[in-house]
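Below you'll find the structure, written out as structure tokens, and then a few comments.
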Amino acid sequence: MVKSSRLITTTLLGLVFGIICMFLSRYAFEAAFWPLGASFLIHHTVMGFAIGASALKMNWAAHGVLWGALFGVFLAIGIVGTYNPWGIFVAIVIWGFLIELLTTKAYKRPQ
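For reference, each letter of the sequence shown is one residue, going 955 to 1065 in the working numbering.
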């Protein structure tokens, strides 16, 4: 059963990290807000929702890394040839881990 407080927390953290990535893509990589920045925002928000909605019973750290890797693969494939796909993949895995870390440990919203 999904806890609504956990789902809301992970979705909001995904939104926050999406905004951070959107601005990083604009000012660090000089990429346009549209479409890359907007896709980061949507992508991270959906990833946060998926982490919160997941009913997988596993270690919280592995859970965040797993979902980060799943979402990272699709985003990295989408930007092959334009930016560094491996760097993007690793960054998404880190964001997934951080969403799970903050939700589980800082905000005390376990699975």
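Cβ coordinates follow ideal geometry from the N, Cα and C atoms, glycine included.
Keep in mind that this is a model prediction, so the values were computed, not measured.
CA nearest to the CA of residue i, picked from the options
i: W1049; options: L967, A1009 and I962; result: L967
i: T895; options: M976, T964, K1011 and F983; result: Coverage of the chain is limited to positions 955 through 1065, which leaves residue 895 absent and any answer about it impossible.
i: S1076; options: V1019, S959, I974 and G1006; result: Since the first and last residues shown for the chain are 955 and 1065, residue 1076 lies out of range.
i: G972; options: G1026, G991 and I962; result: G991
i: K957; options: L978, F1003 and V970; result: F1003
Range of the contiguous alpha helix (DSSP H) that encloses residue i
i: E1054; result: P1039 to L1055
i: V1000; result: A992 to A1007
Local conformation of residue i per DSSP, three classes
i: S959; result: helix
i: P1064; result: coil
i: F1028; result: helix
i: A1016; result: helix
i: K1059; result: helix
i: L1010; result: coil
i: A1023; result: helix
i: I973; result: helix
i: G1035; result: coil
7 Å CB neighbourhood of residue i in its chain, flanking five on each side removed
i: L1029; result: H997, I1042 and I1046
i: Y1061; result: T963
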